[in-house]
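Sequence order for the protein chains is R and C.
In this text, residue positions in the first sequence follow the working numbering: the first is 3, and each later residue adds one.
In this text, residue positions in the second sequence follow the working numbering: the first is 3, and each later residue adds one.
We put the beta carbon where it would ideally sit given N, CA and C, even for glycine.
As the structure is a computational prediction, the values presented were derived from the model and not from experiment.
There are 2 protein chains.
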Amino acid sequence: MSSARARLSFSRSCRALSGVFADMDAVMAWFSAKDRRDRFTVRRVPLTALDRWIYLQDPLRLGHRSGKFFTIEGIRARTDFGPVPSWDQPIINQPEVGILGLLAREIGGVLHFLMQAKMEPGNVNVLQLSPTVQATRSNYSRVHGGHAPRYLEYFAEPGRARVLLDQLQPEQGARFLYKRNRNMVVQVDHDVPAHEDFCWLTLGQIKSLLARDNIVNMDARTVVSLIPMSDPDESPDYGLLDGVGGFRRDAYLSFCRSDRERHSMDAIMTWLTEGKARHAMQVTPLPLDGLRGWQVTDDAIFHETGLYFSVIGVDVEARTREATRWSQPLLHHQGEGLVGFLCQRQGGTLHFLARGSLEPGNRDGMQIGPTVACSEVAARANRVCAPRFLEHFLDASRGMVRYDAVQSEEGGRFHHFCNRYMIVEIPPGQEPPVPEHYIWLTLGQLWRMARHGHVNIEARNLLACLGAEENPQ
Amino acid sequence: MSSARARLSFSRSCRALSGVFADMDAVMAWFSAKDRRDRFTVRRVPLTALDRWIYLQDPLRLGHRSGKFFTIEGIRARTDFGPVPSWDQPIINQPEVGILGLLAREIGGVLHFLMQAKMEPGNVNVLQLSPTVQATRSNYSRVHGGHAPRYLEYFAEPGRARVLLDQLQPEQGARFLYKRNRNMVVQVDHDVPAHEDFCWLTLGQIKSLLARDNIVNMDARTVVSLIPMSDPDESPDYGLLDGVGGFRRDAYLSFCRSDRERHSMDAIMTWLTEGKARHAMQVTPLPLDGLRGWQVTDDAIFHETGLYFSVIGVDVEARTREATRWSQPLLHHQGEGLVGFLCQRQGGTLHFLARGSLEPGNRDGMQIGPTVACSEVAARANRVCAPRFLEHFLDASRGMVRYDAVQSEEGGRFHHFCNRYMIVEIPPGQEPPVPEHYIWLTLGQLWRMARHGHVNIEARNLLACLGAEENPQ
Numbered sequence: 003m004s005s006a007r008a009r010l011s012f013s014r015s016c017r018a019l020s021g022v023f024a025d026m027d028a029v030m031a032w033f034s035a036k037d038r039r040d041r042f043t044v045r046r047v048p049l050t051a052l053d054r055w056i057y058l059q060d061p062l063r064l065g066h067r068s069g070k071f072f073t074i075e076g077i078r079a080r081t082d083f084g085p086v087p088s089w090d091q092p093i094i095n096q097p098e099v100g101i102l103g104l105l106a107r108e109i110g111g112v113l114h115f116l117m118q119a120k121m122e123p124g125n126v127n128v129l130q131l132s133p134t135v136q137a138t139r140s141n142y143s144r145v146h147g148g149h150a151p152r153y154l155e156y157f158a159e160p161g162r163a164r165v166l167l168d169q170l171q172p173e174q175g176a177r178f179l180y181k182r183n184r185n186m187v188v189q190v191d192h193d194v195p196a197h198e199d200f201c202w203l204t205l206g207q208i209k210s211l212l213a214r215d216n217i218v219n220m221d222a223r224t225v226v227s228l229i230p231m232s233d234p235d236e237s238p239d240y241g242l243l244d245g246v247g248g249f250r251r252d253a254y255l256s257f258c259r260s261d262r263e264r265h266s267m268d269a270i271m272t273w274l275t276e277g278k279a280r281h282a283m284q285v286t287p288l289p290l291d292g293l294r295g296w297q298v299t300d301d302a303i304f305h306e307t308g309l310y311f312s313v314i315g316v317d318v319e320a321r322t323r324e325a326t327r328w329s330q331p332l333l334h335h336q337g338e339g340l341v342g343f344l345c346q347r348q349g350g351t352l353h354f355l356a357r358g359s360l361e362p363g364n365r366d367g368m369q370i371g372p373t374v375a376c377s378e379v380a381a382r383a384n385r386v387c388a389p390r391f392l393e394h395f396l397d398a399s400r401g402m403v404r405y406d407a408v409q410s411e412e413g414g415r416f417h418h419f420c421n422r423y424m425i426v427e428i429p430p431g432q433e434p435p436v437p438e439h440y441i442w443l444t445l446g447q448l449w450r451m452a453r454h455g456h457v458n459i460e461a462r463n464l465l466a467c468l469g470a471e472e473n474p475q
Numbered sequence: 003m004s005s006a007r008a009r010l011s012f013s014r015s016c017r018a019l020s021g022v023f024a025d026m027d028a029v030m031a032w033f034s035a036k037d038r039r040d041r042f043t044v045r046r047v048p049l050t051a052l053d054r055w056i057y058l059q060d061p062l063r064l065g066h067r068s069g070k071f072f073t074i075e076g077i078r079a080r081t082d083f084g085p086v087p088s089w090d091q092p093i094i095n096q097p098e099v100g101i102l103g104l105l106a107r108e109i110g111g112v113l114h115f116l117m118q119a120k121m122e123p124g125n126v127n128v129l130q131l132s133p134t135v136q137a138t139r140s141n142y143s144r145v146h147g148g149h150a151p152r153y154l155e156y157f158a159e160p161g162r163a164r165v166l167l168d169q170l171q172p173e174q175g176a177r178f179l180y181k182r183n184r185n186m187v188v189q190v191d192h193d194v195p196a197h198e199d200f201c202w203l204t205l206g207q208i209k210s211l212l213a214r215d216n217i218v219n220m221d222a223r224t225v226v227s228l229i230p231m232s233d234p235d236e237s238p239d240y241g242l243l244d245g246v247g248g249f250r251r252d253a254y255l256s257f258c259r260s261d262r263e264r265h266s267m268d269a270i271m272t273w274l275t276e277g278k279a280r281h282a283m284q285v286t287p288l289p290l291d292g293l294r295g296w297q298v299t300d301d302a303i304f305h306e307t308g309l310y311f312s313v314i315g316v317d318v319e320a321r322t323r324e325a326t327r328w329s330q331p332l333l334h335h336q337g338e339g340l341v342g343f344l345c346q347r348q349g350g351t352l353h354f355l356a357r358g359s360l361e362p363g364n365r366d367g368m369q370i371g372p373t374v375a376c377s378e379v380a381a382r383a384n385r386v387c388a389p390r391f392l393e394h395f396l397d398a399s400r401g402m403v404r405y406d407a408v409q410s411e412e413g414g415r416f417h418h419f420c421n422r423y424m425i426v427e428i429p430p431g432q433e434p435p436v437p438e439h440y441i442w443l444t445l446g447q448l449w450r451m452a453r454h455g456h457v458n459i460e461a462r463n464l465l466a467c468l469g470a471e472e473n474p475q
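Okay, structure coming up:
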């Protein structure tokens with residue numbers, strides 16, 4: 003299938019709120035039934051009581067006895083970017099590249115995606131919808147072994163499915179050291195039975211779920227964010243816009259080829275290169291007990307001020323058919339951060355205000371982030387030290403709220419870590435001044451930059467939420 | 003100036019063999035006069051006799067007493083890519099991002115570029131043409147100091163010139179650890195006097211010099227490689243092709259938008275992502291005297307077999323107006339390697355056979371390399387272990403040689419390190435089988451991938467040599 007046909011299939015699926023499930027009520031009924039039946043217990047325990055997780059020495063870090071999974075290590079970050087020149091923190095080190103994969107199939111002429119109702123120990127609500135496959139490299143290098151995740155073969159074995167999308171994308175650079183995952187969408191033409199924890203949804207249904215709090219998990223959101231609304235090399239197909247108005251129409255047009263973009267791709271590369279070249283982030287490994295301001299105890303690792311995050315332990319028990327138990331550390335975050343994109347019609351085309359983002363876990367320096375990304379503490383701070391443009395998100399009367407929902411970060415690593423995600427459009431006309439390291443981009447430009455791994459996960463999460471058939475308000 | 007106008011200016015300049023210098027003879031006369039007048043002595047000395055360069059301890063490495071410039075360190079590389087699973091080697095560590103910048107200006111309606119006749123101690127022929135500026139970050143962070151390179155202000159001070167191109171590009175991953183430079187082209191509209199070591203050349207004149215051996219240096223070649231022949235988003239402008247036939251016409255058309263490409267950009271990203279995800283290169287730092295197979299002596303660092311490369315010392319004396327002397331280590335390479343692109347018209351469009359390349363200094367795993375890149379030893383090896391497709395370059399009767407010249411690698415780091423660069427076209431019709439990790443790309447696709455830093459320096463060097471007005475044969 004050509005790229006053009008794949009994109010048309012994506013567009014059609016995005017408009018479909020009916021598919022294998024007749025409507026959103028049916029989707030929610032299935033999901034709620036799952037949520038009732040599958041019961042899990044997640045119990046907080048001291049780090050030193052975790053089964054097979056121990057403090058490793060030289061340098062002091064937290065890891066699994068097998069050497070597998072991940073370690074939690076200390077780093078010192080030094081940078082000439084942003085207001086804080088240096089800080090210490092624990093960070094997750096999980097060097098391998100995982101697969102986040104969506105299996106797609108046309109059912110009744112509409113592309114459907116196989117989603118999994120999956121429990122993660124850090125989720126606020128236990129079950130969320132994940133992509134078909136979340137696999138680590140050790141999973142997929144032994145795809146024929148007994149413990150390979152279901153459906154992995156469609157992603158790991160060449161020729162089993164047509165690859166519609168396969169990109170290496172960065173994870174949270176503030177919490178993961180250099181981590182990236184392969185984001186994949188592959189399509190099959192034959193019947194693939196859905197296991198009882200899986201269901202086939204249209205893209206429109208997934209987008210509709212994204213308008214609700216905490217249903218579509220982080221891994222699913224990053225893959226969905228990369229599915230193009232259109233072809234940014236091509237002019238708009240106005241046939242697709244029949245009956246589509248308002249913000250969705252503007253978003254679609256912002257994705258298409260246009261000569262009304264504020265900046266050329268060359269100028270955007272120049273802006274990003276300038277940021278990468280001007281500002282550096284030096285990361286030095288440190289033992290956990292050498293981190294300034296951090297306490298390392300049998301119970302947990304936490305900051306003396308109680309701010310930022312802490313590393314805690316959980317025992318997990320799943321009372322499903324195959325009873326499973328395990329222990330693991332999680333990063334616990336207090337409160338709810340805010341992640342937001344400001345957008346505005348400029349010259350008739352919707353533009354999004356992106357900000358350069360430099361974090362210790364970035365593999366290649368500055369990335370493209372959303373307008374605002376901050377913790378609850380920062381969001382509540384007084385005006386003097388509040389992040390720029392925050393007022394547009396806190397005071398909704400300043401613009402039109404196009405998206406507003408609370409979403410969870412990866413529940414396999416983070417404990418009850420939620421952010422409020424918002425997209426706010428300001429009226430056309432007066433444009434706010436653009437500070438250093440900010441730039442207005444169309445959606446097509448953001449997608450083009452994302453394809454090459456330049457767009458951070460917070461910004462991608464917001465992109466995923468665009469294009470829902472229903473108005474989220 | 004819009005991107006479109008910039009590209010048109012590039013195209014016109016590329017066709018101009020006449021400019022400030024009336025013809026190529028005048029260019030060569032200027033260059034030869036420089037070469038006679040400016041005399042340099044480069045004398046081989048033991049490493050321990052270098053002024054202010056010493057063996058530093060813990061771990062053992064070679065560095066400058068000031069902590070500036072670069073260090074030569076040891077690494078062990080382990081990989082599941084290619085025939086050699088593990089090896090040790092010295093590598094250059096120079097973490098800062100430098101600027102390689104070309105200053106452009108319209109003179110008589112034609113875009114000219116300010117080139118510098120520059121001596122580098124490792125050059126086989128002392129003087130070569132470099133870009134306007136080769137600056138390290140420490141240079142350009144003190145642009146107003148006494149020792150800033152000439153013309154640096156146009157690249158380092160915002161607003162001094164229009165930025166036509168600004169990209170972060172990787173250096174040789176086999177010799178530099180994670181090194182990247184900013185490749186820039188900026189344009190001014192006012193008169194900028196050329197210092198006596200500088201001259202204004204058209205792009206056509208630079209391309210013509212590229213058809214000769216060892217005149218245009220590595221730094222100039224990488225910047226020139228990024229200057230687009232056209233806009234790969236746009237259909238061909240046949241007006242530009244008046245009187246242009248043969249291979250140059252094919253190359254131009256291969257750069258433009260086309261629906262006859264073998265692979266979509268999505269498919270190319272998939273191919274690259276697959277390579278990045280499947281194959282890893284682990285790099286562990288080691289002391290120089292802990293490297294298997296390497297000898298570290300007062301005189302030099304070399305491999306026991308005499309193969310690969312050695313680290314030697316040189317004393318440099320420049321008898322120019324400002325007499326200067328300095329000492330430094332250089333990486334000496336024996337023999338002449340071969341770097342080649344195979345190309346073929348497929349479906350009427352010229353495609354180039356690229357190969358995935360994974361080297362220890364790559365910051366983000368696999369990159370896109372040329373069809374063949376090998377040392378003289380490998381090129382002379384018998385057929386059994388010769389690199390694939392080598393025969394097309396060694397036996398010219400198998401295809402049409404479109405480019406064939408010897409070029410030097412960076413003379414500030416490498417001593418007499420030359421490679422033979424070749425582009426060979428095979429007749430349309432039968433297509434050679436495509437082994438794993440190879441892919442056919444158009445020039446427009448190669449340029450698009452290069453813009454995001456995915457194309458290695460060997461491949462970019464070959465791209466620079468395309469589009470010369472004269473047939474290089």
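What does the Cβ neighbour count give for residue i, buried or exposed, with the cut at 16 atoms within 10 Å?
i, result
"residue 156/R", "buried"
"residue 475/C", "Note that residue 475/C scores a pLDDT of 36, beneath 50, so its modelled location is shaky; the value from the coordinates is reported in the next line. So residue 475/C ends up on the exposed side."
"residue 441/C", "buried"
"residue 185/C", "buried"
"residue 13/C", "buried"
"residue 335/R", "buried"
"residue 430/R", "exposed"
"residue 426/R", "buried"
Check the C-beta distance from residue i over to residue j and give it rounded, since I have them as a contact under 8 Å.
i, j, result
"residue 52/C", "residue 234/C", "No, residue 52/C and residue 234/C are not in contact; Cβ-Cβ is about 47 Å, not under 8 Å."
"residue 190/R", "residue 105/R", "7 Å"
"residue 103/R", "residue 138/R", "No, residue 103/R and residue 138/R are not in contact; Cβ-Cβ is about 12 Å, not under 8 Å."
"residue 94/C", "residue 179/C", "7 Å"
"residue 254/C", "residue 232/C", "6 Å"
At least one CB of chain D closer than 8 Å to the CB of residue i: is that the case?
i, result
"residue 462/C", "As a matter of chain content, chain D is missing from the structure shown, whose protein chains are R and C."
Measuring alpha carbon to alpha carbon, tell me which residue in the options is nearest residue i.
i, options, result
"residue 21/R", "201/R, 98/R, 63/R and 150/R", "201/R"
"residue 371/R", "361/R, 5/R and 379/R", "361/R"
"residue 1/C", "241/C, 75/C, 428/C and 417/C", "With chain C covering only 3 through 475, there is no way to say anything about residue 1/C."
"residue 132/R", "218/R, 368/R and 448/R", "218/R"
"residue 353/R", "264/R, 60/R, 459/R and 139/R", "264/R"
"residue 460/R", "375/R, 439/R and 400/R", "375/R"
"residue 359/C", "435/C, 81/C, 470/C and 168/C", "81/C"
"residue 415/R", "275/R, 288/R, 320/R and 221/R", "221/R"
Excluding the 5 residues flanking residue i on each side, which residues of the same chain have their C-beta closer than 8 Å to its C-beta?
i, result
"residue 437/C", "390"
"residue 113/R", "11, 12, 14, 15, 106, 107, 189, 204 and 205"
"residue 68/C", "54"
In chain order, what residues of the same chain lie with their CB nearer than 6 Å to the CB of residue i, ignoring the 5 residues before and after it?
i, result
"residue 260/R", "351"
"residue 413/R", "122, 124 and 125"
"residue 318/R", "44, 123 and 328"
In chain order, what residues of the same chain lie with their CB nearer than 7 Å to the CB of residue i, ignoring the 5 residues before and after it?
i, result
"residue 85/R", "none"
"residue 119/C", "33, 36, 129, 131 and 199"
Who does residue i pair with in a DSSP beta bridge?
i, result
"residue 32/C", "For residue 32/C, which the question treats as bridged, DSSP gives no partner whatsoever."
"residue 102/R", "136/R and 185/R"
"residue 114/R", "107/R and 204/R"
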